[in-house]
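In the numbering used here, the protein residues as written are 1 to 239. Backbone N, C-alpha and C define an ideal beta-carbon position, used for all residues, glycine too.
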């Protein structure tokens, strides 16, 4: 396990360092990312965009992985039996460090694990997301991570072209407020983003099964929060 600092220089004075999930969303989920980023970052972007899982799920999985890399928690595949006889495998996160000093979604995730000491990844993500379902839960997650990136100075609210038709412009105007990655902050964060990209790509290569399980479980847990006519807002129980 290698400790890897990914704290990025603050985008504006008084803001905190960006967490890994915020770097991912700012770099690949919003407009405003500068050109000329390091090769590892470009490769990571290509992998994330071509992945089966949503960008939001991948960003959250990277957040959990980074907590593991820094020694804040462990991830372990545990074989067991459901109902006493059905084989199953759980991916269990166990807290080994203090939530103090962590910010953003990473701090919230670690605090959720610390509540019981250990949780399956499904339960962890479900508890972090909350009980309310949504039409597009991945959009909800991405929005929450983007708002955290605002706190770190990586993202700002700006008036942008709404790209509306004639009638839309007449009624609602030409522009709208949107979250946009700050080019200067992104450029300053390039070294941290490169370390993050290099570390994640190495993890996926060295521990492919663990990486696969982590990504799939995070993604499916988020998808399970999708609103439907047949389920309640609580969603399924994973434990």
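One Cα belongs to residue 104, the other to residue 86, and the distance between them is close to 38 Å. Using a 10 angstroms sphere on the CB of residue 78, the tally of other CB atoms stays under 16, which defines it as exposed.
Excluding the 5 residues flanking it on each side, residue 142 has same chain C-beta neighbours closer than 7 Å at 25, 29, 55, 56, in chain order.
Positions of the alpha helix (DSSP H) runs, each at least 4 residues long and wholly inside the segment 13-51, are given as 20-28, 39-50 in order along the chain. One alpha carbon belongs to residue 196, the other to residue 140, and they sit about 24 Å apart.
With 16 or more other CB atoms across the displayed protein chains lying within 10 angstroms of its CB, residue 20 is buried.
Using a Cβ-Cβ distance cut-off of 8 Å, the segment 210-229 and the segment 45-65 are in contact, since at least three pairs of beta carbons, one from each stretch, lie closer than that value.
In the DSSP annotation of this structure, the continuous segment of the alpha helix (DSSP H) that includes residue 141 starts and ends at 137-151. About 7 Å separates the beta carbon of residue 150 from that of residue 179, a gap short enough to meet the 8 Å contact definition. Per DSSP, residue 225 lies in no alpha helix (DSSP H) segment and is marked neither H nor E. In the DSSP annotation of this structure, the continuous segment of the alpha helix (DSSP H) that includes residue 126 starts and ends at 121-129.
Counting only the Cα atoms, residue 190 lies some 11 Å from residue 183. Your pair residue 94 and residue 76 checks out as a contact, with CB atoms roughly 7 Å apart and the cut at 8 Å. Straight-line spacing of the CA atoms in residue 186 and residue 226 works out to 32 Å. Under the three-state reduction of DSSP output, residue 96 falls in the coil class, being neither helix nor strand.
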